[in-house]
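K.L.:
Numbering (mature numbering (1 follows the signal peptide of the UniProt record, and there is no 0)), first residue to last: -27 to -1, 1 to 515.
1. Buried or exposed: residue 58, going by 16 or more other Cβ atoms within 10 Å of its Cβ?
2. List the residues that DSSP assigns as beta-bridge partners of residue 149.
3. From the DSSP output, in three-state form, read off residue 85 for me.
4. Tell me the DSSP secondary structure of residue 282 in three-state form.
5. With C-beta atoms as the reference, is residue 307 less than 8 Å away from residue 285?
6. Output needed for residue 573: all residues of its chain with C-beta closer than 6 Å, excluding positions within five of it in sequence on either side, in chain order.
7. Taking only three categories from DSSP, how would you classify residue 272?
8. What residue range is occupied by the uninterrupted beta strand (DSSP E) comprising residue 265?
9. Apart from the five residues on each side of it in sequence, which residues of its chain come closer than 8 Å, Cβ to Cβ, to residue -21?
10. Can you tell me whether residue 510 is buried or exposed, with buried defined as 16 or more other CB within 10 angstroms of its CB?
11. Quick one: residues in its chain with C-beta nearer than 8 Å to the C-beta of residue 225, no 5 flanking neighbours on either side, listed in chain order?
12. Should residue 423 be listed as close to the ligand ZN, given that the test is whether its C-beta is under 7 Å from any heavy atom?
13. Any idea what DSSP makes of residue 63, helix, strand or coil?
14. Does residue 474 pass the burial test, meaning 16 or more other C-beta atoms within 10 Å, or should it be called exposed?
15. According to DSSP, simplified to helix, strand and coil, what is residue 20?
16. Are residue 290 and residue 313 touching if we call contact CB-CB under 8 Å?
17. Buried or exposed for residue 415, please, with buried defined as at least 16 other CB atoms from any protein chain shown within 10 angstroms of its CB.
18. On the premise that residue 347 lies in contact with residue 324, defined as a C-beta separation below 8 Å, what is that separation, rounded to the nearest angstrom?
19. Are there 16 or more other CB atoms within 10 angstroms of the CB of residue 34, so buried, or fewer, so exposed?
20. Within 8 Å, do at least three Cβ pairs link the segment 74 to 85 to the segment 103 to 112?
21. Excluding five sequence neighbours on each side, which residues of the same chain lie with their C-beta closer than 7 Å to the C-beta of residue 254?
22. Look up residue 222 in the DSSP assignment and say whether it is helix, strand or coil.
23. Exposed or buried, what is residue 514 when buried is set at 16 or more other beta-carbons lying within 10 Å of its beta-carbon?
24. What first and last residue would you give for the alpha helix (DSSP H) that runs through residue 476?
25. Quick one: what does DSSP say residue 7 is sitting in, helix, strand or coil?
26. With a Cβ-Cβ cutoff of 8 Å, do residue 127 and residue 102 count as a contact?
27. Applying the 10 Å Cβ sphere with the 16-neighbour rule, what's the burial state of residue 295?
28. Which of the three DSSP states, helix, strand or coil, is assigned to residue 192?
29. Suppose the cutoff is 8 Å on Cβ atoms and the five residues either side in sequence are ignored; what does the same chain contact list for residue -12 look like?
30. Using 10 angstroms around the beta-carbon of residue 60, count the other beta-carbons present and answer buried if the total reaches 16, otherwise exposed.
31. Measure how close the beta-carbons of residue 194 and residue 219 come, nearest whole angstrom, since I'm counting them as under 8 Å.
32. Counting C-beta neighbours from all protein chains within 10 Å, is the total for residue 317 16 or more, i.e. buried, or is it exposed?
33. Can you give the beta carbon distance from residue 161 to residue 221, rounded, assuming they're within the 8 Å contact cut?
34. At what residues does the alpha helix (DSSP H) containing residue 154 begin and finish?
35. Taking 8 Å as the threshold, find out whether the segment 431 to 445 comes into contact with the segment 401 to 419 through three or more Cβ pairs.
36. Specify the secondary structure class of residue 375 as computed by DSSP and reduced to three states.
And the structure:
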């Protein structure tokens, strides 16, 4: 039987043609789209030295290769990302930007629009699905035209009210008064993410929640620092898809409703500084999807930590400055993904569970200013730990070298204001990343042993004051080239201190050795003061 290869040859030839021409199909760029983009660029004021996108737009190049621009297969602009382009001019409602009718995504975040208003022509971009205008120094009323963008699934118009923030701009205050919140969202029924952080929203609790409950697909809600007042209304309970709730820094002045524990998709709940009171619903801690919980800075908010589930997802738990009390359950060891545990300034008591020492992903651990008692458990398995603060508790007993073995990333250790005793292990000082150690106001005694690794030490601040340490002050303390603060008063150090060795510490800003049994050389005035340009505190006398 004779087999014909002609159909296969035709197929191969066609495939080769597609391959050779795929580049030209992908690079299709309609002339009117390029013209609109160039006209838009000409109306903008920006710093070419800080621009990585606009500066590259040139009529001599195919606009499909321009950075920040995404095209459809038909050659229409569907995405425009001009974030962080140092744009400092406003955008007029007649801008050629609004001729890009196929645009689906517009990102103008992180620019400097210098207090100009959000352009009112946005409603001409009827196909927009993603709109990001955050931290760009827009000012004034949010335009009503945004409510006409019925296809939006993502909206971010956040600003910063924090004067210490890099994104703060004193003349930028966005308002949502007319339209109000209800008018803005009434047609945005497809929204999945809604970010208005820092916007001045004139809406009371029930009105606000009823407006938001009209967004059945909403997953992310960020209304932090929006000058909101009043409680979380029960109408919010119907928003079963919510995964992120960020309402921090508002005056909610109410309890957290029980129905928050019924949000089975909840991954992040932040209610910091909201003047909350009453009892926090314990079942929120047991949500398997929960990854981040911050309800700190609510001093009237009461609660306790329940048993944690074995398959929980919690990574960040912050209860600082609340009225939580009771004990930390040993089931905290189930939180294998936990990276931050911050329970400072609460009313927790009893001992610190040993199971905390098994949380291998822990980076920040702060249990300070509570009523914990008993011994400090071993943290030798916490290889990722950077900050450890157990200060101002009732902890007692020694701290052996095994407590700190393997903590090569530990930067900050705060154990002051406890009843810890025994010898301070020299291995503590040899941890390679250590910068700050405060063991003051304890009952440590004996001499401080040899410090094996001086040349590579990163120590910046060392405070051993108000203990029962004796013997000579180790000479290697004065070989720590990066040391800025050496605070050793109210101990029983003895011997003669040759002050000339202090000259090796050129970065020293504070030296306090008072209330010891030291014989101090009185020739300090002969030491070249130019070697201590940072020295602000010097106390050698008893």
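Built from N, CA and C at the ideal position, the CB exists for glycine as well.
Fair warning: this is a prediction, and the values are worked out from it, not measured in the lab.
P.N.:
Concretely, from the data shown:
1. Classification for residue 58: buried.
2. When beta bridges are read from the DSSP output, residue 149 appears opposite 174.
3. Residue 85 carries a coil assignment under DSSP once its states are collapsed to helix, strand and coil.
4. Correct three-state label for residue 282: coil.
5. Less than 8 Å divides the Cβ of residue 307 from the Cβ of residue 285.
6. Any property of residue 573 remains undetermined from this structure, which presents the chain solely from -27 to 515.
7. Residue 272: strand per DSSP, three-state reduction.
8. Counting along the chain, the beta strand (DSSP E) containing residue 265 begins and ends at 265 to 267.
9. Any reading at residue -21 needs caution, since the residue's pLDDT is 42, under 50, leaving its predicted position unreliable; the model's value is listed next. Excluding sequence neighbours, residue -21 sits near nothing in its chain.
10. Answer is exposed; the Cβ neighbour count stays below 16.
11. Cβ neighbours of residue 225 beyond the five flanking positions: 178, 201, 202, 203, 204, 205, 244, 247, 248, 249.
12. No copy of the ligand ZN occurs in the structure displayed, which carries no ligand at all.
13. In this structure, residue 63 counts as coil in the three-state DSSP scheme.
14. Label assigned to residue 474: exposed.
15. Here residue 20 sits in coil by DSSP.
16. When the beta-carbon positions are compared, residue 290 and residue 313 come within less than 8 Å of each other.
17. The residue is buried, with at least 16 neighbouring Cβ atoms inside 10 Å.
18. Right, the Cβ-Cβ distance comes to about 4 Å (below 8 Å), so this counts as a contact.
19. The residue is exposed, with fewer than 16 neighbouring Cβ atoms inside 10 Å.
20. Judged by pairs of C-beta atoms under 8 Å, the segment 103 to 112 touches the segment 74 to 85, as three or more such pairs exist.
21. Excluding sequence positions up to five before and after residue 254, its CB lies within less than 7 Å of the CB of 229, 231, 233, 234, all in the same chain and listed in chain order.
22. Residue 222: coil per DSSP, three-state reduction.
23. Residue 514 is exposed by the Cβ-count criterion.
24. Unbroken run through residue 476: none, as it is neither H nor E.
25. Correct three-state label for residue 7: helix.
26. Yes, these two residues count as a Cβ contact at 8 Å.
27. Burial call: buried.
28. Shown here, residue 192 sits in coil according to DSSP, grouped into three states, outside any helix or strand.
29. At residue -12, the pLDDT of 42 sits below 50, so the modelled position is not reliable; the number obtained from the coordinates is stated separately. Cβ contact annotation for residue -12 (same chain, cutoff 8 Å, sequence separation greater than five): none.
30. Around the beta carbon of residue 60, a 10 Å sphere encloses 16 or more other beta carbons of the protein chains shown; the residue is thus reported as buried.
31. Confirmed, Cβ separation roughly 7 Å.
32. Burial of residue 317 is indicated by the presence of at least 16 other C-beta atoms within 10 angstroms of its C-beta.
33. Taking a contact as a CB-CB distance under 8 Å, the pair residue 161 and residue 221 does not count as one, their CB atoms being some 23 Å apart.
34. Counting along the chain, the alpha helix (DSSP H) containing residue 154 begins and ends at 154 to 158.
35. Contact between the segment 431 to 445 and the segment 401 to 419 is present, because at least three Cβ pairs lie under 8 Å.
36. Helix, per DSSP.
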